[in-house]
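Engineer: For reference, the structure I am asking about is given below.
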């Protein structure tokens, strides 16, 4: 897992550096749009490679846990649910489900926290700040 | 002396019931908005501006100014307690602030932040009172080449933030620069690396990125750590009060960074975020306790907080005396001034003395109000953070999502926050520091823009970077910083031989 980030950086660095030439390096007597991306890309390639070589030599490993996928899946679930039931209810439901399923908390406490948080977020963001939140099916009502 | 007499007259106006109520209202709203992740001074000022239409200009600007600098106080709260910076200047505060919370010292971190914010803010206002117009003219001496060299100086200082893993830190710098180059290029105005996304045309938004790298990555870490305890437990209020030794440690830092922050705030385009980063890297270099900075040190909280509050006060100098807004928030304030029929510029101080001096007086009052309000909030906030991680984790995830969404009201920013969170987590497990990346992300576009503008001014002649004393001052600083490790090595070698 220790190779993932440096490896990813090298790939993105190559893309950045190659694409930089298309934005031109020097234009109208000054640095073009491609100069800084080229520098960034080359740096990513060089230091990504240095890290990979060093990790290979030292056998240094990164501590990855499968648990890290859970909050990522949670946010993806919230995004999808926000188009169906709206953002605030999606956040409330997420908190309840997380506390019941993952944390093994009681339904009563979980509902209180989920509904309470959703209420506060609704009061602040929707009612007070008038942020146009996704409403899902409630938009039709 | 004349300024003092005018200031006293300003106090007599600012102390009216109407103006005091406006200052308190602005400070309270600003504190709340600042503490909310994703909402900064510009959101607050934009939201409050329509409410001030019915007020007289003096009362209106007192409310707005109070809100503006109290967002600086509030921005540190969520940065320290949840590792989710309320707004961009608070990013630096979260580096040491959250580490103090993890050590069980959230109260100390909040107190350090509040006291240093007050000191920095007060210094900024005093400098504004004494030398507002002079300061504004000094700020104007900084053209594109001077600003380019200032930013370059800040970037060369990045070495102090890299830690033990230099290639890892430099990789983070490269990632920051790559992120910074997304959006419109300053040369031809063409879109770069936007992948056909409208949301990326103006670049990667700072707030979703920071919420992802700091807040969401932190949540993943908390889940993996797996213990059920609170983020900070068994915190007694009396533990929050700084000791005499800590005060002695923070005071010179707050004063020093307050003065520097004011000058950075005066420069057009520099602003509170740049001043916060500069103050942090400066203390990391010169402070007696520099080794502690980055591991959860009160100095690491005091320096950026003092500096960003001072910068917020300093930004009023060019706004009032020259009509030049230093950043986005002061640009909205400028719009407000013009809406009320006031023309900021050199004549404002002579033609509208009641307005200008009551505003400056209200800044002193507002700063004290912010200090009192923040102290009242600290015990409540410390208790709030003592809840179980079982509750805190899903609530923080929900806050991360809505903070990212509120940035530009699109789900794209939530996706961006998620991607940045995953990258932040990968960087964490790979032991790659995120601070150099954020520094480059903030300063990279400024450097690119100022370099481009400098070349445009002379049709490609690089000699513009060597004009005048300010340029040479920064060139010497850059050379000293770049070669200081080599010079140090040579000096040690020579000494050991002798």
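Chains as they are written, first to last, in the working numbering: chain A, 139 to 279; chain B, 77 to 574.
Think of the CB as a built atom: it goes at the ideal place given N, C-alpha and C, for glycine as much as any other residue.
Because the structure is a prediction, the values reported are computed rather than measured.
For residue 156(A), decide whether its Cβ has a neighbour in chain B, counting only Cβ atoms nearer than 8 Å.
Structural biologist: No - not a single Cβ of chain B is within 8 Å of the one on residue 156(A).
Engineer: Output needed for residue 392(B): all residues of its chain with C-beta closer than 7 Å, excluding positions within five of it in sequence on either side, in chain order.
Structural biologist: Hits under 7 Å: 204.
Engineer: Using a Cβ-Cβ distance cut-off of 8 Å, determine whether residue 299(B) contacts chain A.
Structural biologist: Residue 299(B) counts as touching chain A.
Engineer: Cα separation between residue 371(B) and residue 179(B)?
Structural biologist: Roughly 10 Å between the two C-alpha positions.
Engineer: Is the Cβ of residue 181(A) closer than 8 Å to any Cβ of chain B?
Structural biologist: With 8 Å as the cut-off, residue 181(A) counts as an interface residue toward chain B.
Engineer: Can you tell me which of 477(B), 530(B), 431(B), 452(B) puts its alpha carbon nearest to the alpha carbon of residue 141(B)?
Structural biologist: With distances taken between Cα atoms, residue 141(B) lies closest to 431(B).
Engineer: Can you tell me whether residue 169(A) is helix, strand or coil according to DSSP?
Structural biologist: Three-state result, residue 169(A): strand.
Engineer: What three-state label does DSSP hand residue 309(B) in the structure shown?
Structural biologist: For residue 309(B), the pLDDT reaches just 49, beneath the cut-off of 50, and the residue's location in the model is therefore unreliable, although a value from the coordinates is still provided. It is coil, neither helix nor strand.
Engineer: Along chain A, in chain order, which residues have C-beta atoms closer than 7 Å to that of residue 481(B)?
Structural biologist: Going along chain A in sequence order, the residues near residue 481(B) (Cβ under 7 Å) are 225.
Engineer: Please list the partners that residue 188(B) has in chain A, where partner means a Cβ-to-Cβ separation under 7 Å.
Structural biologist: None at all; the shortest Cβ gap to chain A is about 27 Å.
Engineer: Kindly provide the ranges of any alpha helix (DSSP H) runs that are 4 or more residues long and lie completely inside the stretch 202 to 255 of chain A, ordered along the chain.
Structural biologist: Here the runs fully enclosed are 207 to 223, 225 to 235.
Engineer: Using beta carbons (cut-off 8 Å, strictly below), is residue 273(A) in contact with chain B?
Structural biologist: No - not a single Cβ of chain B is within 8 Å of the one on residue 273(A).
Engineer: If the cut-off is 9 Å on Cβ atoms, which residues from the stretch 95 to 127 of chain B count as contacting chain A, listed in chain order?
Structural biologist: Cβ contacts with chain A: 108, 109, 112, 115, 119, 123.
Engineer: Note down, in chain order, each residue of its chain lying with its Cβ closer than 6 Å to the Cβ of residue 243(A), except the 5 sequence neighbours on either side.
Structural biologist: So the qualifying residues of the chain are 237.
Engineer: When Cβ atoms are compared, which residues of the stretch 495 to 513 of chain B fall closer than 7 Å to chain A?
Structural biologist: Under the 7 Å Cβ criterion, the stretch 495 to 513 of chain B contributes 498, 501, 502, 503, 505, 506, 508.
Engineer: So for residue 416(B), helix, strand or coil by DSSP?
Structural biologist: Residue state, collapsed to three classes: coil.
Engineer: What is the DSSP secondary structure of residue 104(B), reduced to helix, strand or coil?
Structural biologist: DSSP places residue 104(B) in helix when its eight states are reduced to three.
Engineer: In whole angstroms, what is the alpha-carbon distance linking residue 522(B) and residue 401(B)?
Structural biologist: Going by the C-alpha atoms only, they are around 16 Å apart.
Engineer: Give a yes or no on contact between the stretch 434 to 447 of chain B and the stretch 135 to 152 of chain B, applying the rule of three or more CB pairs nearer than 8 Å.
Structural biologist: Yes, the stretch 434 to 447 of chain B touches the stretch 135 to 152 of chain B.
Engineer: Tell me, to the nearest whole angstrom, how far the beta carbon of residue 476(B) is from that of residue 242(B); I am working on the premise that it is less than 8 Å.
Structural biologist: Not a contact, Cβ separation roughly 31 Å.
Engineer: Quick one: does residue 265(A) have its CB under 8 Å from some CB of chain B?
Structural biologist: For residue 265(A), the answer is no, since every Cβ of chain B falls outside 8 Å of its Cβ.
Engineer: Going by beta carbon distance, what residues of the same chain come within less than 7 Å of residue 262(B), once the five residues before and after it are set aside?
Structural biologist: Only 524, 525, 528 meet the Cβ criterion.
Engineer: If contact is defined by three or more beta carbon pairs under 8 Å, each pair taking one atom from either stretch, is the stretch 279 to 287 of chain B in contact with the stretch 536 to 544 of chain B?
Structural biologist: No: the two stretches stay apart, fewer than three of their Cβ pairs being nearer than 8 Å.
Engineer: Determine the chain B residues that contact residue 196(A) at a beta-carbon separation under 9 Å, and present them in chain order.
Structural biologist: Neighbours of residue 196(A) on chain B: none; closest Cβ ~11 Å, over 9 Å.
Engineer: Run through DSSP, which three-state label would residue 463(B) get?
Structural biologist: It is coil, neither helix nor strand.
Engineer: Select from 108(B), 353(B), 246(B), 497(B) the residue whose C-alpha is nearest the C-alpha of residue 208(A).
Structural biologist: With distances taken between Cα atoms, residue 208(A) lies closest to 497(B).
Engineer: Would you call the CB atoms of residue 182(A) and residue 150(A) closer than 8 Å?
Structural biologist: Going by C-beta atoms, residue 182(A) is nearer than 8 Å to residue 150(A).
Engineer: Answer with yes or no whether the minimum CB distance from residue 229(A) to chain B is below 8 Å.
Structural biologist: Closer than 8 Å to some Cβ of chain B, the Cβ of residue 229(A) qualifies, so yes.
Engineer: May I ask you to verify whether the stretch 507 to 519 of chain B touches the stretch 85 to 100 of chain B, counting CB pairs closer than 8 Å and requiring at least 3?
Structural biologist: The stretch 507 to 519 of chain B, when compared against the stretch 85 to 100 of chain B, does not touch it at the 8 Å Cβ threshold.
Engineer: DSSP three-state call for residue 267(B): helix, strand or coil?
Structural biologist: Residue 267(B): strand per DSSP, three-state reduction.
Engineer: Identify each residue in the stretch 518 to 546 of chain B for which the Cβ-Cβ distance to at least one residue of chain E is less than 9 Å, and report them in chain order.
Structural biologist: Of the protein chains in this structure, namely A and B, none is chain E.
Engineer: Classify residue 167(A) as buried or exposed, calling it buried when 16 or more other Cβ atoms lie within 10 Å of its own Cβ.
Structural biologist: Under this definition residue 167(A) is an exposed residue.
Engineer: Given a cut-off of 8 Å, decide if residue 232(B) and residue 434(B) are closer than it, judged by their beta-carbon atoms.
Structural biologist: Cβ atoms of residue 434(B) and residue 232(B): not closer than 8 Å.
Engineer: Could you work out which residues of chain B lie near residue 185(A), taking near to mean beta carbons separated by less than 7 Å?
Structural biologist: Within chain B, the residues near residue 185(A) are 243, 246, 247, 250.
Engineer: Within the 8 Å Cβ cut-off, does residue 178(B) reach chain A?
Structural biologist: No, its Cβ sits nowhere closer than 8 Å to a Cβ of chain A.
Engineer: Out of 216(A), 254(A), 158(A), state which residue places its alpha-carbon closest to the alpha-carbon of residue 480(B).
Structural biologist: Measuring from the Cα of residue 480(B), the nearest candidate turns out to be 216(A).
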